[in-house]
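Colleague: Residue numbers (my numbering): 30 to 471.
By construction, the Cβ of each residue, glycine as well, lies at the ideal position given by its N, Cα and C atoms.
1) Is the beta carbon of residue 263 sitting closer than 8 Å to the one on residue 206?
2) To test your reading of the DSSP string, which unbroken beta strand (DSSP E) runs of 3 or more residues are found completely within the segment 185-242?
3) Which residue wins for smallest C-alpha separation from residue 354, given the options 332, 90, 107 and 253?
4) What does a CB cutoff of less than 8 Å around residue 418 pick up in its chain, not counting 5 residues either side in sequence?
5) Closest to residue 442 by CA distance: which of 76, 320, 466 and 260 is it?
6) Would a C-beta distance cut-off of 8 Å place residue 284 and residue 318 closer than the cut-off?
7) Within this structure, are the beta carbons of residue 227 and residue 411 separated by less than 8 Å?
8) Under 7 Å Cβ to Cβ from residue 369, same chain only, skipping five residues before and after it: list those, please.
9) I'd like to know if residue 344 contacts chain D, where contact means its C-beta is closer than 8 Å to some C-beta of that chain.
10) Do residue 430 and residue 409 come within 8 Å of each other at the CB atom, strictly closer than that value?
11) In the DSSP assignment, the beta strand (DSSP E) including residue 459 goes from what residue to what residue?
12) Using the Cβ count rule (16 or more neighbours within 10 Å means buried), how would you classify residue 53?
13) Around the Cβ of residue 461, are there at least 16 other Cβ atoms within 10 angstroms (buried) or fewer (exposed)?
14) Below 6 Å CB to CB, which residues in the same chain sit around residue 267 once its five sequence neighbours on both sides are set aside?
15) Do you know how far the Cα of residue 160 is from the Cα of residue 222?
16) With distances taken between CB atoms, is the gap from residue 164 to residue 146 smaller than 8 Å?
17) Taking the CB atoms as reference points, tell me whether residue 360 and residue 391 lie closer together than 8 Å.
18) From this set, 125, 190 and 78, which residue's C-alpha is nearest residue 437's C-alpha?
19) Exposed or buried, what is residue 158 when buried is set at 16 or more other beta-carbons lying within 10 Å of its beta-carbon?
20) Inspect the CB distances between the segment 91-101 and the segment 337-350 and report whether three or more fall short of 8 Å.
21) How is residue 362 classed by DSSP in three states: helix, strand or coil?
22) Excluding the 5 residues preceding and the 5 following residue 99 in the sequence, name in chain order all residues of the same chain whose CB lies nearer than 7 Å to its CB.
23) For residue 152, which residues in the same chain have their Cβ closer than 6 Å to its Cβ, ignoring the five residues on either side in sequence?
24) With a floor of 4 residues, list each alpha helix (DSSP H) that falls wholly inside the segment 318-349, ordered by position along the chain.
25) Please report the straight-line C-alpha distance between residue 57 and residue 439, rounded to a whole angstrom.
26) Could you tell me how far apart the beta carbons of residue 362 and residue 141 are, in whole angstroms, since I believe they sit closer than 8 Å?
27) Exposed or buried, which one is residue 463 when buried takes at least 16 other CB atoms within 10 Å?
28) Is residue 205 near the ligand COA, with its Cβ less than 7 Å from a heavy atom?
29) Quick one: using the 10 Å Cβ neighbour count with 16 as the cut-off for buried, is residue 489 buried or exposed?
30) By how many angstroms is the C-alpha of residue 259 removed from the C-alpha of residue 169?
31) DSSP three-state label for residue 377, please.
32) Take residue 395 and list the residues in its own chain whose beta-carbon comes closer than 7 Å to its own, dropping the five residues that flank it on each side.
33) What is the DSSP secondary structure of residue 412, counted as helix, strand or coil?
34) Going along the chain, which residues of its own chain have a beta-carbon closer than 8 Å to the beta-carbon of residue 103, five neighbours each way excluded?
35) Between residue 247 and the rest of its own chain, which residues show a CB-CB distance below 7 Å, the 5 nearest in sequence each way excluded?
36) Please work out which residues of its chain come closer than 6 Å, Cβ to Cβ, to residue 435, disregarding the five sequence neighbours upstream and downstream, and give them in chain order.
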């Protein structure tokens, strides 16, 4: 475990002197008293090694940036924020061990972390047992609504469903057949369960749906891509829905190029490939392939420009990209700061109660609002991959979409809702039976 304060003592002293000099010089920077006293600790629970480090390591970095910025504003409740960083190393049981350490030993006020749903499922019992708070920044499969989790990534109705709608539309190519290709764990399997039900509700038959799962770190894609190519040769427009996660995406896209599959032939709609993943690939063969997210670095707003500038300055690397889960952490961290300020304390119960209803500007020009089910409102964007590894937005929702915890397309959850406010106070409320089923997650 590595404990990283927001600034070293020496760096903090340099910052304090610099800030004082700047104020004496009459700059227009906000005047904030330097934070003092016992630090408020937050946990950062992201893999810095293993197959998912390609995606998660940058989330650790952005959290350190956000802590640094907040401390420069005066900290929180007049106290400095200290980041406690741990490495669960893409190991699901280790996520739970590190979460327990953060809550029981390090006494953190909140934790920002996890990437895969299996890692979130691993830590969930720990957060519920110890009454901790987790901000989860990644798109996920839904079918869960815990009082102790705030889901700042997309639910299926904020990514997967709109993506399929686009592919089936005239603008998206009018797809009639779908190959659902994913990594073999909770998120792809549950997302595809929802998508199967949704596709069938739109008249797509079982014969026009292909499903395939591979292990984490899958490197040999020749056979699977050949199967996709054959599946797409049946005379109906075919699209791939990719829930492939981690570094397996690199050989998957390479194999698509090797077998001559282009976005014109069989478009691939990815749910886990963003700017960070593309930075490690040759994007030229992928031009025109698609991804569905709630944020793209290429979106031109003053808030996004400022965020990108802060990121480049913090990392001292103008080539470092931003991506959707980074924005989710930006939103989640600032909502947490608001909640602590509103509650006047870091007490978990009071912060959880203060969260619902809070609003935070996102980076794309809209507002994220915390809903009673602990999800937030988000816009949805479809982007085409460009040669430079960025995305050109080709479609977007006209307004923010409220996140749904439970899918209305799966019969078992069609009548469930989550509401952590009085008088319901239930994550699994059956609207037909008018009763709380007593389980917060499937």
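Modeller: According to the structure shown:
1) yes
2) 206-212
3) 90
4) 304, 307, 308, 310, 312 and 350
5) 466
6) no
7) no
8) 105, 106, 375 and 380
9) Of the chains in the structure shown, none is chain D; there is only one protein chain.
10) yes
11) 455-459
12) Because the pLDDT at residue 53 is just 36, under 50, the model does not fix this residue reliably, and the value given afterwards should be weighed accordingly. Counting Cβ neighbours within 10 Å, residue 53 comes out exposed, since fewer than 16 surround it.
13) exposed
14) 206, 261 and 295
15) 31 Å
16) no
17) yes
18) 190
19) exposed
20) yes
21) helix
22) 105, 110 and 366
23) 124, 125 and 128
24) 331-344
25) Bear in mind that a pLDDT of 36 at residue 57, under 50, signals an unreliable position, so the number given afterwards is only what the model happens to contain. Approximately 54 Å, taken between the alpha carbons.
26) 7 Å
27) exposed
28) For the ligand COA, the structure offers nothing, since it holds no ligand at all.
29) Any property of residue 489 remains undetermined from this structure, which presents the chain solely from 30 to 471.
30) 30 Å
31) helix
32) 408 and 429
33) strand
34) 61, 62, 63 and 64
35) 277
36) 442 and 445
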